[in-house]
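Asker:
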Amino acid sequence: MASELQPPSDRKRVKVYELKENDWFDRGTGFCTGQILNDEPRIFVESEDTPDRVLLETKISKDGGYQKQQDTLIVWTEPNQTDMALSFQEAEGCALIWNFVNSVQQHLLNMAAGDDALSEDLESMHPITLPAPELVNLPDIDHLMRAASMAQTGRDALSKCVIRDEYIQKLLPLVTVAEDLESLSDLHRLCNIMKSLILLNDTTIIETVVTDSVILGVVGALEYDPEFPTHKANHRLYLSDKSRFKEVVPIRDQSIRRKIRYTWRLQYLKDVVLARILDDPTFSVLNSMIFYNQVDIVNHIQSDASFLKELFSVFDPRSADAKRKEDAVQFLHQCASIAKNLQGPERATLYANLINNGLFAVIAFAIKHPNPAIRTTGIDILVALLDHDPIMMRSYMLKAVNEKKTPLTDTLIDLLHTEVDLGVKNQLADAIKVLLDPQVPIQAAMARAGPEAAKVRPNMLPDAFVQNHFDESSRRLFAPLKRLEDQSNLHGLTFQAVALYSHLVDILTFFVRQHLYRCRNVIQNERLAAHITQLLRVPQKHLKLTALKFFRTLLSLQDTFYQALMTHNDTFGLILDIVYETMPRDNLLNSACLELFEFIKREHIKPITLHVVGKYGDKLRNITYVDTFQGLILHYEQLQGYSEEADSTLYSQEEATPVLKMPPSGRWQGVKEMDPAEEEYFNTSDDEEEWQQDNQTTGTLISKVPNGAASPSVKSLVDYPDDDEEDADAMDTKPEPEGDTKQQKPDDTSNEDAPADPVPEQPSTPVSQVVQTPPERLSEKRRREEEDDDELVKLTSGPKRRSSTSSSTGSAGFLRKKRSGSIGSVSLGDKAASSQGTPGMANAAPKRIAINLSSSVKVAEPRDTPPNTVTNAAGKESEKENQKSGDSGEG
Amino acid sequence: MSDLDRAIAQLRACRLIPEAQVRELCYKARELLIEEGNVVCVDAPVTICGDIHGQFHDLMELFRVGGDVPDTNYLFMGDFVDRGFYSLESFLLLLCLKVRYPDRITLIRGNHESRQITTVYGFYDECIRKYGSANVWRYCCEVFDYLALGALVLGASSDLESSGPSYNDTTQSTMSTEDGELETEVLNSKGEVLMKTYKQRPRSSLDNGSTSPPRTQSQTSMRTGAPGTGASGGGGSNNSSRTGAVLCVHGGLSPLIDTVDKIRLIDRKQEVPHEGAMCDLLWSDPDEIDGWGLSPRGAGFLFGADIVKGFNYKNDLSLIARAHQLVMEGYKEMFDGGIVTVWSAPNYCYRCGNVAAILELGEDTSNGGTVTRSNGDYNRSNGILTGTVNKQTLRSPGRRYRVFEAAAQDTRGMPAKKPVADYFL
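In order, the protein sequence lines correspond to chains A and B.
Be aware that the first sequence starts at 1, since it is given in UniProt numbering, and climbs by one per residue.
Be aware that the second sequence starts at 1, since it is given in UniProt numbering, and climbs by one per residue.
See the structure below:
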């Protein structure tokens with residue numbers, strides 16, 4: 001045999017692992033070669049440190065379930081049932097050894113088929129002869145099989161014998177006989193025998209079992225499980241139901257048809273017939289058989305151009321066969337779910353192929369279908385594509401926009417607005433989130449679009465275009481939020497509306513978190529923050545929570561622009577209202593509010609502390625059941641104290657402040673300049689009762705500031721061109737007419753100068769914003785002067801911000817996570833408790849290996865690994881995002 | 001019969017309810033759960049249960065052994081789903097019961113009540129398989145986000161009324177009952193006593209000094225052995241356990257959480273994070289180490305006896321009850337009874353061969369059922385002071401473990417996943 005196998009003689013650096021008590025034990029690092037010794041192909045690893053020491057010498061056997069995982073791992077089971085793994089330093093080395101193993105196995109399989117010398121060897125060692133397949137012999141057969149199954153050699157010999165004698169086929173008639181005789185004991189024995197045979201874990205035997213002539217007999221026997229003596233399953237009924245196979249377009253290749261049938265039976269065996277009794281090796285053998293069949297099937301389908309053509313022609317609008325269209329959607333859906341298990345490149349080819357044939361049109365058809373089930377299926381296909389490569393999908397979408405076609409996003413957005421099925425709505429929201437994800441850099445999109453890239457690349461889209469598209473889509477998407485301003489009463493919201501709002505706020509939260517700047521335009525122009533502030537007052541608590549989460553996210557960004565939005569919309573007043581409403585009780589809303597203030601306290605977010613304590617000090621003082629608010633007040637007082645003493649140890653931005661008697665930062669100086677008219681302006685444009693109280697509280701704040709008595713409000717400290725309108729709307733009380741037109745009327749700006757002036761947040765406003773008002777306003781000028789100041793702010797919060805831009809919300813990252821989840825559909829068989837496992841290489845290894853067992857799922861000794869260890873890159877990402885969402889623990 | 005009662009009946013028969021009903025159920029549950037604190041206060045008597053993991057028939061067995069809802073007040077410590085083949089039926093039944101009897105059943109979150117984990121360990125697939133789409137999975141995951149993170153059992157009795165005469169070792173038990181109070185009792189599913197441990201009255205333990213072990217055992221059956229280390233540890237009765245408050249949490253403690261009140265400052269409505277306090281509460285494990293250690297699970301921490309003792313003392317807890325780890329005996333006390341693992345999935349994954357247990361905490365009637373803590377409205381962050389006053393009089397709760405095995409084969413069908421209805425490929 002050696003002649004045709006070329007063992008790789010290059011030494012490849014590798015780590016050897018052995019699975020001991022469910023822990024991957026590091027046997028050492030060494031160099032790996034393939035060898036053929038005495039006509040036996042072997043993998044050989046000699047130690048790196050002491051070249052004489054052999055770390056591993058193993059014969060490559062026919063079974064052993066060799067698997068290549070990721071690019072650098074080979075995992076298999078030794079004949080003595082030990083699980084082993086080789087972790088290569090380089091993918092190339094791994095590939096080399098893997099090719100060797102593969103060719104050896106191929107070779108062995110061929111030889112096994114020919115019943116050659118090798119198998120004779122085995123038999124000569126442990127000859128097994130089974131009694132004649134007759135009812136009277138069943139006890140003996142059962143006993144013998146059990147005994148033989150104990151050891152690997154016995155199993156091998158038994159498998160050989162069963163295959164050679166076609167013993168299964170010979171046993172089958174006995175099932176019918178025993179059934180006719182109503183001999184339950186015989187049937188139970190037959191069941192046990194079949195179980196033993198399948199658990200021999202021999203691919204050939206399992207392949208035999210699922211063939212047409214054998215399957216019904218085998219599952220027939222398995223219907224009589226002695227563990228459930230009073231039950232009889234109806235496997236035969238299920239498996240003989242031919243109508244379960246739906247054929248949208250006839251598959252002509254008989255071998256593929258057969259494969260489809262066998263795969264279905266394998267799945268049934270795995271999930272139903274054998275679900276309880278499967279051991280790990282058999283489970284993984286079944287899984288890999290299913291997997292390889294599916295690869296073949298899918299490859300066949302996508303290589304058959306005429307088949308695809310026929311398949312997609314089903315959707316021809318002229319065709320009236322609705323049922324067939326639905327089936328075709330289901331068919332494609334199944335293709336997509338199978339594709340999830342394929343390796344990256346294969347999956348990419350399949351999707352590209354389907355897309356070229358018109359998959360998008362199918363999705364568009366499905367998501368508009370009157371039947372929610374089909375809509376769900378359609379979106380599932382879309383989500384599969386998004387999971388596969390969101391960047392590619394975005395590039396397709398942008399291409400459509402560029403070509404002035406209606407992009408998929410618009411369709412999805414419209415559907416989201418009108419969809420009544422809440423499940424579908426949920427999916428739509430997730431899909432939109434990924435498609436519009438402002439974070440994805442477009443250049444990367446171009447580079448990654450795969451074979452399609454060439455077509456898209458020429459229209460390299462400038463960032464402005466992307467921004468523009470994002471703005472357009474967002475405007476469309478968030479339009480319902482904007483319409484909230486006409487809603488005077490938020491108590492009559494329909495269930496649908498509530499669901500829609502919470503999705504929209506959730507999406508916006510995700511966007512804000514993904515990209516600090518991208519959403520500013522839309523948030524500002526559409527006055528979204530103000531509208532979301534309104535939602536803090538809806539009766540639906542979960543919607544309140546969603547809105548709260550939005551503001552919590554804004555806070556965590558530590559960005560002056562967003563801080564301004566919050567200080568300006570009485571956001572904190574409303575949040576404090578929630579605290580008051582829920583105060584004696586200890587519930588989710590209350591905790592969420594507390595967490596938010598706790599965050600302000602812990603992070604020492606100065607502008608917010610000043611605003612909150614300054615404006616709502618009395619309210620805070622009345623909340624005594626937790627010390628969070630006292631802490632805030634204390635912090636505030638320290639800040640005040642500092643500014644009077646001009647402590648120079650604080651941030652440089654303060655040091656730059658020339659006027660000591662100011663509140664902490666120079667940008668606050670505008671307060672003093674406010675005139676009574678303006679005070680009036682702000683007063684009227686705000687909520688009445690809120691305002692009364694605020695005035696008083698402000699009084700207390702300002703009293704600490706010289707001249708403070710004259711200045712009416714802290715609120716006015718931070719101004720924004722459109723904020724006043726927001727206030728008016730948000731409070732849904734006495735809207736101030738001038739407010740709405742302010743941005744258009746230049747004369748208004750004079751009114752605004754003072755309040756706008758102290759706003760350090762302004763410089764971060766995108767320039768496009770500014771150009772809208774032709775005459776340069778005084779405030780603009782000042783803004784520029786203050787840019788330095790703002791830069792410092794940026795610097796101090798720089799690192800945080802960077803990390804937060806690359807993060808996403810917990811629920812939002814889910815699409816991505818789902819993919820990573822399916823990669824690692826494995827629990828590493830790990831012991832339950834008391835592991836003294838030391839961290840480090842030995843410990844890291846099992847996790848890495850656990851990633852890869854996907855097709856050989858080991859559900860054995862159940863021990864969980866959290867996804868961040870199960871997954872790789874995606875996990876890391878989500879880890880980061882959770883850092884943000886889970887920051888409750890930092891203090 | 002209301003729709004809800006009908007749904008309960010249907011689920012008890014292990015039959016699923018329609019998707020629309022699941023959605024409605026989940027929304028109702030959400031409204032209910034949003035009102036619960038991160039740490040729910042539960043009054044004794046209560047029966048504490050650990051992981052269920054979709055083993056529906058064993059859940060029914062649990063109800064048979066522990067009593068039915070609403071007759072028995074239950075507290076489930078998470079991990080309702082994944083692994084077993086009936087995650088949906090199990091979780092939906094529990095959720096229905098929660099909505100129907102909100103005061104008689106408490107559900108807190110386990111690490112498996114998470115989107116990421118359920119996509120890996122089976123619940124997601126089960127939803128797809130049984131409902132044809134991920135919608136039901138989404139609804140359930142939404143509910144997961146609202147589940148409380150822990151519970152505080154108040155007013156648990158410090159000793160037990162003996163359950164029965166079935167112990168044989170009369171001499172020892174007579175002595176024990178004279179000298180001490182019945183502290184723990186282990187019962188099998190038929191209600192027969194397997195084992196008892198006593199603790200001595202504080203006075204007598206002072207008198208005897210170190211000559212007599214603080215806990216004595218009388219064992220009537222060796223079947224379960226002596227679980228945990230509490231009995232053999234012998235190092236004085238746990239001095240932190242006086243008030244009878246029991247903290248229940250799925251995983252364990254967090255280095256970021258030094259008081260129970262800190263848990264209340266978490267915004268829990270989120271996917272279980274990969275780190276931080278919320279993550280730790282759901283992922284950590286106690287271990288025979290000093291201080292904190294890295295968890296081999298890759299999330300949460302390991303924590304030692306000193307941590308548990310310190311935490312219990314500081315928060316005036318007598319016991320931490322948690323789940324999260326398979327224990328072959330169904331329960332395992334550690335660190336002088338300062339923490340217990342309760343595991344309620346017998347023959348886990350249909351093959352681990354373990355027994356399961358539930359923990360019953362009786363009501364303390366001796367103090368007129370005095371509750372030393374209240375739900376946030378009184379002196380919340382000041383538990384220590386109130387505790388000190390009572391330290392002389394209050395003792396750790398009497399614990400009754402009921403151990404049970406997997407449901408008998410004939411009470412359940414053959415556990416199996418649902419096969420696909422149609423196939424194209």
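Where is the CB? At the ideal position from N, CA and C, for every residue including glycine.
Taking 9 Å as the CB-CB cut-off, is Y146 of chain B touching chain A?
Answerer: Y146 of chain B belongs to the set of residues whose beta carbon lies under 9 Å from a beta carbon in chain A.
Asker: Please classify R552 of chain A: does DSSP put it in a helix, a strand, or coil?
Answerer: R552 of chain A falls in the helix class under three-state DSSP.
Asker: Drop a sphere of 10 angstroms on the beta-carbon of H491 of chain A, count the other beta-carbons inside from all chains shown, and report buried for 16 or more, exposed for fewer.
Answerer: exposed
Asker: Determine the chain D residues that contact I108 of chain B at a beta-carbon separation under 8 Å, and present them in chain order.
Answerer: Checking the listed chains, one finds no chain D in this structure; the protein chains it contains are A and B.
Asker: Using a Cβ-Cβ cut-off of less than 8 Å, give me the residues of the segment 350 to 361 of chain B that come near chain A, in sequence order.
Answerer: Y350, R351 and C352
Asker: Report the residue from B:R351, B:W343 and B:G398 whose alpha carbon sits nearest the alpha carbon of L75 of chain B.
Answerer: B:W343
Asker: Between the segment 264 to 278 of chain A and chain B, which residues of the former have a C-beta closer than 8 Å to a C-beta of the latter?
Answerer: Contact annotation: in the segment 264 to 278 of chain A, residues whose CB is within less than 8 Å of a CB in chain B are W264, Q267, Y268, D271, V272, V273, A275 and R276.
Asker: Could you tell me the alpha carbon to alpha carbon distance between N111 of chain B and W283 of chain B, rounded to whole angstroms?
Answerer: 6 Å
Asker: Contact criterion: CB-CB distance below 9 Å. Does L265 of chain B meet it with respect to chain A?
Answerer: yes
Asker: Taking DSSP as the reference, what is the three-state secondary structure of A592 of chain A?
Answerer: It is helical.
Asker: In chain A, what lies closer than 8 Å to I34 of chain B by C-beta?
Answerer: The contacting residues are K541, H542, L545, N587, L588 and L589.
Asker: How long is the line joining the alpha carbons of V512 of chain A and E113 of chain B, rounded to whole angstroms?
Answerer: Going from the Cα of V512 of chain A to the Cα of E113 of chain B covers about 27 Å.
Asker: Would you give the residue range spanned by the alpha helix (DSSP H) that V401 of chain A belongs to?
Answerer: P390 to N402
Asker: By DSSP's criteria, Y17 of chain A is part of a beta bridge. Which residues make up the other side?
Answerer: A:D26 and A:A85
Asker: From L182 of chain B to E363 of chain B, what distance separates their C-alpha atoms?
Answerer: 14 Å
Asker: When the Cβ atoms of the segment 80 to 91 of chain B are set against those of the segment 120 to 136 of chain B, are three or more pairs found closer than 8 Å?
Answerer: yes
Asker: Curious, which full-length beta strand (DSSP E) runs of at least 3 residues does the segment 311 to 377 of chain B contain?
Answerer: 317 to 322, 331 to 334, 339 to 342 and 356 to 361
Asker: Verify whether the separation of the beta carbon atoms of T184 of chain B and E333 of chain B is less than 9 Å.
Answerer: Taking 9 Å as the Cβ cut-off, T184 of chain B and E333 of chain B qualify as a contacting pair.
Asker: Does the beta carbon of K269 of chain B come closer than 9 Å to any beta carbon on chain A?
Answerer: It does; some Cβ of chain A falls within 9 Å.
Asker: Could you confirm whether any beta carbon from chain A is found closer than 9 Å to the beta carbon of I419 of chain B?
Answerer: For the sequence presented, residue 419 of chain B should be read as Pro rather than Ile. Judged by the 9 Å Cβ criterion, P419 of chain B is in contact with chain A.
Asker: Going by C-alpha to C-alpha distance, which of B:L147, B:D51 and B:L152 sits closest to V272 of chain B?
Answerer: B:L147
Asker: Apply the 10 Å Cβ neighbour rule to V54 of chain A and answer buried if 16 or more other Cβ atoms are within range, or exposed otherwise.
Answerer: Its Cβ having fewer than 16 others within 10 Å, V54 of chain A is exposed.
Asker: Against chain A, with Cβ distances strictly below 9 Å, would G233 of chain B count as a contact?
Answerer: With a pLDDT of only 31 at G233 of chain B, under 50, the local geometry of the prediction cannot be trusted, and no value is derived from it.
Asker: Leaving aside the five residues before and after V273 of chain A along the sequence, list all residues of the same chain whose C-beta is less than 7 Å from its C-beta, in chain order.
Answerer: V219, L222 and H235
Asker: Counting only beta-carbon separations shorter than 9 Å, does V342 of chain B have a partner in chain A?
Answerer: no
Asker: Strictly below 8 Å CB to CB, what residues from chain A border S133 of chain B?
Answerer: A373, T376, T377, D380 and G423
Asker: Kindly indicate if chain A contains any beta-carbon less than 9 Å away from that of N315 of chain B.
Answerer: Put simply, the CB of N315 of chain B is far from chain A, with every gap to its CB atoms at 9 Å or more.
Asker: Counting only runs of 4+ residues fully inside the segment 208 to 295 of chain A, write out the alpha helix (DSSP H) ranges in chain order.
Answerer: 212 to 222, 235 to 239 and 254 to 268
Asker: Within the same chain, show all residues whose beta-carbon is closer than 6 Å to that of M77 of chain B, passing over the 5 residues directly before and after it, in chain order.
Answerer: G50, I108, C248, H250 and A323
Asker: If I follow the unbroken alpha helix (DSSP H) through K59 of chain A, where does it start and stop?
Answerer: Here K59 of chain A belongs to no alpha helix (DSSP H); instead the beta strand (DSSP E) covers V54 to K59.
Asker: Going by DSSP, which residues form a beta bridge with Q67 of chain A?
Answerer: A:V75
Asker: Please report how far the alpha carbon of E655 of chain A lies from the alpha carbon of I605 of chain A, in whole angstroms.
Answerer: Low confidence applies to E655 of chain A: its pLDDT is 38, below 50, so where it sits in the model is not reliable, and the reading given next is rough at best. Approximately 18 Å, taken between the alpha carbons.
Asker: Tell me which residues share the same chain as K59 of chain A and place their Cβ nearer than 6 Å to its Cβ, disregarding the 5 neighbours each side in the sequence.
Answerer: E40 and R42
Asker: Rounded to the nearest angstrom, how far is the Cβ of E48 of chain A from that of F31 of chain A, given a contact under 8 Å?
Answerer: 7 Å
Asker: When Cβ atoms are compared, which residues of the segment 325 to 355 of chain A fall closer than 8 Å to chain B?
Answerer: If you check each beta-carbon in the segment 325 to 355 of chain A against every beta-carbon of chain B, the ones closer than 8 Å belong to D327, Q330, F331, Q334, C335 and I338.
Asker: Does any C-beta atom of chain B lie closer than 9 Å to the C-beta of Y238 of chain A?
Answerer: yes
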